[in-house]
Amino acid sequence: MRVRLNIIMSAIALVAVVASIFAPKAHAEELARSLREGDRGDDVAALQLRIAGWFPSREQRDLVENGFFGRRTTKAVLAFEKQYGLTEDGIAGGRIFKILAELEDPDGTTEHFDWIEFQQNTNSRCSDAANKFAGSFRGGPVSAEIVKENVVRLMWRLEALRAKAGDEPIGINSGFRSIPYNRCIGGASLSQHLFGAAVDLRVAGTTNRHARDIARRS
């Protein structure tokens with residue numbers, strides 16, 4: 048049972064993929080002041096990175112990390128507050144920041160996901176040239192650093208997916224793929240896996256259809 052979760056939905060053009068890849072970094076230590084609708088800054092972008100998976104959209108539109116606390120960010124905060132039993136006021140403050148801090152590990156990953164899960168797999172049917180990037184984020188069209196930034200974005204969306212699925216474990220089948228490896232296994236030439244912006248996964252304790260429905264809104 049596998050579900051694909053894309054940071055950028057497949058119908059969106061490559062321009063949108065590039066825009067996501069080069070979005071500014073956002074760090075947890077920037078979360079200090081209370082944030083509400085109308086606020087701007089790097090701390091807003093840091094918040095948006097972490098709660099994007101909570102934007103309740105059935106149209107599969109992303110919550111963009113633009114550093115502006117608009118209506119979409121408010122909706123994501125409200126959904127996050129509801130999930131964790133907080134006062135639903137749409138304001139991100141200490142209680143939300145505490146939960147987010149608990150979900151983040153010192154190495155930049157999240158509580159339930161590690162780098163190794165998203166690194167390239169190996170396949171006995173592929174050549175040495177394709178398999179040489181196994182266990183890494185190298186060999187793609189962008190640097191390993193950029194791939195890791197996108198993987199972090201996926202991790203936070205996966206944390207949202209996991210919570211919405213009743214805190215059921217999520218197994219990662221396929222994350223990043225180098226260009227030769229992606230070619231070997233028949234991946235699309237512009238697959239988002241090449242950028243670390245897509246993942247194939249399985250969610251324990253739920254049907255594939257239900258997991259896919261949650262993923263589309265995460």
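Per our numbering, residue 48 is the first one in the sequence shown, and the count goes up by one each step. Just so you know, even glycine gets a beta-carbon here, dropped at the ideal spot from N, CA and C.
Around Gly88, the same chain offers Gly114 as residues with beta carbons nearer than 7 Å, after the five sequence neighbours per side are excluded.
When rounded, the separation of the alpha-carbon atoms in Met202 and Leu248 is 12 Å. The three-state reading of DSSP puts Val246 in strand, counting E and B together.
Gly186: not part of any alpha helix (DSSP H); DSSP gives it neither H nor E. DSSP, read as helix, strand or coil, puts Leu241 in helix.
Counting only the Cα atoms, Leu94 lies some 12 Å from Gly117. Taking the C-beta atoms as reference points, Asn197 is found no nearer than 8 Å to Ala181. The three-state secondary structure of Thr120, taken from DSSP, is helix. Ile163 is the residue among Lys179, Gly218, Ile219, Ile163 whose C-alpha sits nearest the C-alpha of Lys195.
For Asn170, the three-state secondary structure derived from DSSP is coil. Less than 8 Å divides the Cβ of Glu206 from the Cβ of Gly100. Here DSSP, grouped into helix, strand and coil, assigns Phe160 to strand. In the DSSP assignment, Asn220 falls within the beta strand (DSSP E) that extends over 217-221.
The three-state reading of DSSP puts Leu110 in coil, since its state is none of H, G, I, E or B. For the set Ala244, Ala191, Gly222, Ala177, the Cα lying nearest the Cα of Arg230 is the one of Ala177.
For Glu84, no alpha helix (DSSP H) encloses it, and the DSSP letter there is neither H nor E. DSSP places Glu135 outside both helix and strand once states are collapsed to three, so it counts as coil. Contact check for Thr134 against Glu84 fails: the beta carbons are separated by 8 Å or more. Note on Asp90: 16 or more other CB atoms within 10 angstroms of its CB, so buried under the neighbour-count rule. Between the C-alpha atoms of Phe242 and Gly140 there is a straight-line separation of about 32 Å.
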